[in-house]
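Here is the structure we will look at, set down as structure tokens.
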Amino acid sequence: MQRRNFIIAAFVSIGLVSLGLPSIAHAALDPFKALSSTLGLSKNQAEGGLGSILTLAQEKLEKGDFDKVAKAVPGASKYLAKAKSLGAVTGPLKNLAGLKGALGKLGINEETASKFLSAVPEIVSKTRGSDVGKLLSSVLK
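Be aware that the sequence shown starts at 47, since it is given in my numbering, and climbs by one per residue.
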């Protein structure tokens with residue numbers, strides 16, 4: 047198990063470095079938390095942002111495909127609820143512009159939002175498989 051976590055951390059770190067973000071050794075414990083600290087996001091911004099991404103994925107993907115994405119993000123239902131409770135998601139997002147608007151409601155600037163939107167599918171790909179990462183990436187275009 048420790049070896050698997052180390053390998054996941056290495057892949058996530060490589061992905062973060064390729065995005066111009068510093069390497070994070072503890073990323074295997076919670077790669078999404080590690081990403082938020084790297085980008086300087088608060089816990090609410092990171093959780094609400096992830097919930098906003100999942101909301102758009104839920105809207106755009108077939109149910110079976112969304113289920114795969116949701117399983118790839120531990121606590122997905124918590125993040126979906128968090129995005130609503132923080133006021134980021136108040137109705138259908140519909141598209142990438144709606145998602146960016148939700149991130150803006152969380153106080154995430156456009157540059158940070160772009161990095162966040164690039165990194166989340168990358169983390170999912172590295173930790174849960176490229177097929178699931180591609181599903182998530184497809185809704186962020």
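Glycine included, C-beta positions come from ideal geometry on N, C-alpha and C. Quick caveat: nothing in here was measured; it's all calculated off a predicted structure.
| query | result |
| --- | --- |
| Residue-level contact to chain D via CB, Leu152, 8 Å cutoff | Here there is only one protein chain, and chain D is not present. |
| Distance, Val170 Cα to Val119 Cα | 7 Å |
| Any 3 or more C-beta pairs closer than 8 Å across the region 158-175 and the region 124-141 | no |
| Glu156 versus Gly110 - alpha carbon distance | 31 Å |
| Pair within 8 Å by beta-carbon distance, Leu142 and Gly97 | no |
| Beta-carbon spacing of Leu186, Lys114 below 8 Å | no |
| Simplified DSSP assignment, three categories, for Asp111 | helix |
| C-alpha distance - Phe162 paired with Lys89, whole-angstrom precision | 14 Å |
| Inter-residue Cα distance where the pair is Ser184 and Lys130 | 23 Å |
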